[in-house]
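Just add 49 to wherever you are in the sequence shown, counting from 1, and you've got this note's numbering. Even glycine gets a Cβ: it sits at the ideal position worked out from N, Cα and C. Everything numeric in this text was worked out from a predicted model, so none of it was measured. Let me begin by presenting the structure, written as structure tokens, before commenting on it.
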Amino acid sequence: MRSLQDVQVTVIAVKVKPNSRVCFLEQAEGGAWLAHLKSPPVDGKANEELLALVARHFGCRKSAVSLKSGASARTKLVRIEGPSPLLQNVA
């Protein structure tokens with residue numbers, strides 16, 4: 050069993066653009082990220098798609114990705130548990 054001290058947490062700022070034609074994640078200026086999502090911002094569908102997209106982009110489990118803040122805002126803070134994903138897979 051891992052202790053809480055062993056878990057590394059990375060928080061990234063993501064600006065979301067829902068209702069896009071394609072779904073992808075790109076790094077914007079200033080270290081923030083821009084997520085283009087196909088889902089509309091209704092009933093948490095865009096948030097679910099965002100978490101799946103971040104997990105797929107950084108190669109981690111979906112359960113390791115969560116929203117820290119911004120559930121109803123366009124700019125969100127996404128929390129990623131595990132080894133630093135920014136060092137493993139930078140867009």
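Check                                                                                                               : Outcome
Beta-carbon of GLU78 versus every beta-carbon of chain C: anything under 8 Å?                                       : Absent from the structure is chain C; it holds one protein chain and no more.
Hey, would you say SER112 sits closer than 8 Å to LEU86, going by beta carbons?                                     : no
With H, G and I counted as helix, E and B as strand and the rest as coil, what does DSSP make of ARG128?            : strand
Quick check on DSSP: helix, strand or coil for VAL139?                                                              : Note that VAL139 scores 47 on pLDDT, short of 50, meaning its location in the model is unreliable; the coordinates nonetheless yield the value given after this. VAL139 falls in the coil class under three-state DSSP.
Between ARG105, ALA104, CYS72, which lies nearest to PRO89 when the distance is taken from Cα to Cα?                : CYS72
With a Cβ-Cβ cutoff of 8 Å, do LYS64 and THR124 count as a contact?                                                 : yes
If I'm right that VAL91 touches VAL103 with Cβ under 8 Å, what's the distance once you round it to whole angstroms? : Rounded, the Cβ-Cβ distance is 20 Å, inconsistent with contact.
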